[in-house]
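Engineer:
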Amino acid sequence: MSGRSFWLAPWPLAAVLVGCAGSPTAPVVVSVPRTTVKPLDVEPQAPVRVEESPFELTMSYGPCATIGGKLYCPDKLSPTRSFASSAPTPKLDGVASAAFGRDFWCAALRDGHVKCGGGNRFGQLGAGLADEAHDAVLVPTLEGAKRVVSGPFTSCAILAKGSVACWGKNQFGESGSATTYLAAARELVEPEVVPGLADVEEVAIGWDSACATTSKGDVQCWGRAKLDEHEKLRGPQHESPATIASLRGATSLTANESSFCAIRGEKVVCWGDLMMLGDHDGPRGSLRVFEMPSARRVSLGANHGCAVTMSGEVYCFGSNYGGALLSLIHI
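Note that this note's numbering has the sequence shown beginning at 7, numbered continuously upward.
1) Can at least three beta-carbon pairs, one atom from the segment 126 to 135 and one from the segment 70 to 89, be found at a separation below 8 Å?
2) On the premise that residue 195 lies in contact with residue 129, defined as a C-beta separation below 8 Å, what is that separation, rounded to the nearest angstrom?
3) Thinking C-alpha only, which one of 61, 99 and 260 is nearest residue 118?
4) Run the CB neighbour count on residue 221, radius 10 Å, all protein chains shown included, and call it buried at 16 or more, exposed below.
5) Rounded to whole angstroms, what is the Cα-Cα separation between residue 176 and residue 182?
6) Enumerate in chain order the residues of its own chain whose CB-to-CB distance from residue 186 is below 7 Å, with the five nearest sequence positions on each side excluded.
7) Can you give me the Cβ contacts of residue 202 inside the same chain, cut-off strictly under 8 Å, excluding the 5 residues immediately before and after it?
8) State yes or no: is the C-beta of residue 104 within less than 9 Å of the C-beta of residue 114?
9) For a test of the three-state rule: what should DSSP assign to residue 184, helix, strand or coil?
10) Provide the residue(s) that pair with residue 197 in DSSP beta bridges, ordered along the chain.
11) Just the Cα atoms here: how many angstroms apart are residue 291 and residue 278?
12) For residue 76, write down the residues that DSSP places opposite it in a beta bridge.
13) Count Cβ pairs between the segment 136 to 145 and the segment 203 to 219 that sit closer than 8 Å; are there 3 or more?
14) What are the boundary residues of the beta strand (DSSP E) that includes residue 82?
15) Taking all protein chains shown into account, do 16 or more other C-beta atoms lie within 10 angstroms of the C-beta of residue 63, making it buried, or fewer, making it exposed?
16) Classify residue 234 as helix, strand or coil using the three-state DSSP reduction.
17) By the DSSP assignment, the beta strand (DSSP E) with residue 137 in it spans what residues?
18) Going along the chain, which residues of its own chain have a beta-carbon closer than 6 Å to the beta-carbon of residue 318, five neighbours each way excluded?
19) Take the Cβ of residue 271 as the centre, count every other Cβ of all protein chains shown within 10 Å, and call the residue buried at 16 or more, exposed below.
20) What first and last residue would you give for the beta strand (DSSP E) that runs through residue 244?
21) Going by C-alpha to C-alpha distance, which of 295, 168, 122 and 152 sits closest to residue 4?
22) DSSP three-state label for residue 63, please.
Set out below in structure tokens:
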């Protein structure tokens, strides 16, 4: 695959090669020989049991699932076994949502509190601890958390009234704080409310920046600017959120360490450093638009992304390292 191309493959239909060297709003579609991708040969699974609902899949370095208030992270995936057949994470119950960073995890509990555990080099546990790592610990000062989202070393909680509190690494203002937290000062790191954010519905965090969508249709970003539009508003980096007009109406906000994607007008739009999605030579600082039939949700992995369409097809794009674009995980 050339450095200028993305694989855009509907599963289980034929793969197509989408060139991104031209206009970002009108990618050139080039047909390639038809590839037949067969589904895994397994017996249909029984419907999810009542005690396994609600089910929320969370991707880290391996998939985990929140089921009935417990967090399950199986060592191995099997098309014939459910997540709940593995042992739940010990001493963690009443989970509403969970998120994973590079070496830590956080969970928003049903009572509105947040617990985090694992690495703490950048204060990513948010508990004012000097330790470089710690078992599950309650994040102080946080109440009314509805959801927690994590980047590599930063986390944010969406609170009951639609505000957002973040903590952890803040080298470029990605936690929305004016304080730069050094590794040696991690005992000072506790959640701080990001000023100017309200009515937030989704948050996504990358290596050095973060973005949020609101119920009013706005998209606000802070940290290191990933779009030329953002840089003109706030400079190369700033902890104060900026409203990005070109992203208005975007939903299904997602991020990996270097880039962001969302659904806008039933199309997938991405921005940031897209090299990890396979685009080595494309212009940076602008939106890239992927044409696919009526996309309704998108998610990013480390090197690729996938979108679900209104008709239920799945299109994937980016690097095909390890066959990521041509494999299907049964849940």
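Don't be surprised by glycine CBs; every beta carbon is placed ideally from N, CA and C.
Model, not experiment: these values are computed from the prediction.
Structural biologist: Let me spell this out:
1) no
2) Start at 1 with the first residue of the sequence shown, and residue 129 comes out as number 123. Start at 1 with the first residue of the sequence shown, and residue 195 comes out as number 189. So it is a contact: roughly 3 Å between Cβ atoms.
3) By one-based count along the sequence shown, residue 118 stands at place 112. Among 61, 99 and 260, the Cα nearest to that of residue 118 belongs to 99.
4) Looking up residue 221 in the sequence shown gives position 215. It is exposed - the Cβ of residue 221 has fewer than 16 other Cβ atoms within 10 Å.
5) Here residue 176 corresponds to residue number 170 of the sequence shown, with the count starting at 1. Here residue 182 corresponds to residue number 176 of the sequence shown, with the count starting at 1. Straight-line Cα distance between these residues: approximately 8 Å.
6) Looking up residue 186 in the sequence shown gives position 180. Same-chain partners within the cutoff: 176 and 177.
7) Here residue 202 refers to the residue found at position 196 of the sequence shown. If we look at residue 202 and ignore the five residues flanking it on each side, its Cβ neighbours are 226, 246 and 247.
8) Counting from one through the sequence shown, the residue named residue 104 turns up at place 98. Counting from one through the sequence shown, the residue named residue 114 turns up at place 108. Closer than 9 Å, so yes.
9) Against the sequence shown, residue 184 aligns to sequence position 178. The answer is coil: DSSP assigns residue 184 none of H, G, I, E or B.
10) Against the sequence shown, residue 197 aligns to sequence position 191. None, per the DSSP bridge assignment.
11) For this step, residue 291 is matched to residue 285 along the sequence shown. For this step, residue 278 is matched to residue 272 along the sequence shown. Distance between the alpha carbons of residue 291 and residue 278 is about 6 Å.
12) Position 70 of the sequence shown, counted from the first residue, corresponds to residue 76. Per DSSP, 73.
13) no
14) The sequence position of residue 82 within the sequence shown is 76, counting from 1. Segment: none, residue 82 is in no beta strand (DSSP E) and carries neither H nor E.
15) Here residue 63 refers to the residue found at position 57 of the sequence shown. Exposed: under 16 other Cβ atoms inside 10 Å.
16) Along the sequence shown, one-based indexing puts residue 234 at 228. Correct three-state label for residue 234: helix.
17) As a working note, residue 137 is residue 131 in the sequence shown. Taken as a continuous stretch (DSSP letters only), residue 137 belongs to no beta strand (DSSP E), as it is neither H nor E.
18) Residue 318 sits at position 312 when you count from the first residue of the sequence shown. Excluding positions up to five away in sequence, the list is empty.
19) For the purposes of this step, residue 271 is taken as the residue at position 265 of the sequence shown. Classification for residue 271: exposed.
20) As a first step, residue 244 must be located in the sequence shown, where it is residue number 238. Looking at the DSSP string, the run of the beta strand (DSSP E) that includes residue 244 is 243 to 249.
21) No answer is possible for residue 4: the residues shown for the chain start at 7 and end at 337.
22) For the purposes of this step, residue 63 is taken as the residue at position 57 of the sequence shown. If DSSP states are grouped into helix, strand and coil, residue 63 belongs with the strands.
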